[in-house]
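When the letters of the sequence shown are read in order and numbered with our numbering, they come out as residues 243 to 373. C-beta: ideal position from N, C-alpha, C; glycine also. Since we're looking at a predicted model, the values are computed, not measured. In what follows, a single structure is set out as structure tokens and then discussed.
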Amino acid sequence: MTWIYNKEPLTEIPEGIIGFVYLITNQANGMKYIGKKNFYFSKTKQVKGKKKRIKVESDWRDYYGSNKTLAEHVSLFGENKFVREIVYLCKTKGEMTYYETKAIFADDAVLSEKYYNDWVMCRVRKNHIKR
């Protein structure tokens, strides 16, 4: 399954975007999961005897969230029973954290039995969010 953004498949990383906030829906039981994912991560590489940081594309195309119950259900029901939607495209990590947390609280996801979300952690300053 591919990621859906604005009802269209997203196959390439948009310019200036570092990650996204997503909603995964299990069509077999109606449960949902809200999370965030980076398009890239930093990796150190030895170049001419010096360590150099390089940007590497993450596993975002095949990613189904970090929740253990969700991972078990993906194995049990199959990937074709899950819809993966991108809710926000984000320019900073702070923006990703803010919008993920906002979506979790707006839906009472941690308190609801309809969501896989078990916990939420957020530490964001106003200047972390670009507008």
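Asked: Can you look up threonine 343 in the DSSP assignment and give me helix, strand or coil?; Found: helix
Asked: Can you tell me which residues form a DSSP beta bridge with serine 284?; Found: Lys297
Asked: Applying the criterion that 16 or more other CB atoms from any shown protein chain within 10 Å of the CB defines a buried residue, is isoleucine 296 buried or exposed?; Found: exposed
Asked: Counting pairs of Cβ atoms below 8 Å between the segment 244-256 and the segment 313-321, do you hit three or more?; Found: no
Asked: Is the Cβ-Cβ distance between isoleucine 276 and tyrosine 306 less than 8 Å?; Found: no
Asked: Sort Asp301, Met273 and Thr334 by Cα distance to serine 354 and report the nearest one.; Found: Met273
Asked: For tryptophan 302, name the three-state secondary structure that DSSP assigns.; Found: helix
Asked: So what does tyrosine 358 bridge to, in DSSP terms?; Found: Per DSSP, none; premise fails for tyrosine 358.
Asked: In whole angstroms, what is the alpha-carbon distance linking threonine 334 and glutamate 254?; Found: 18 Å
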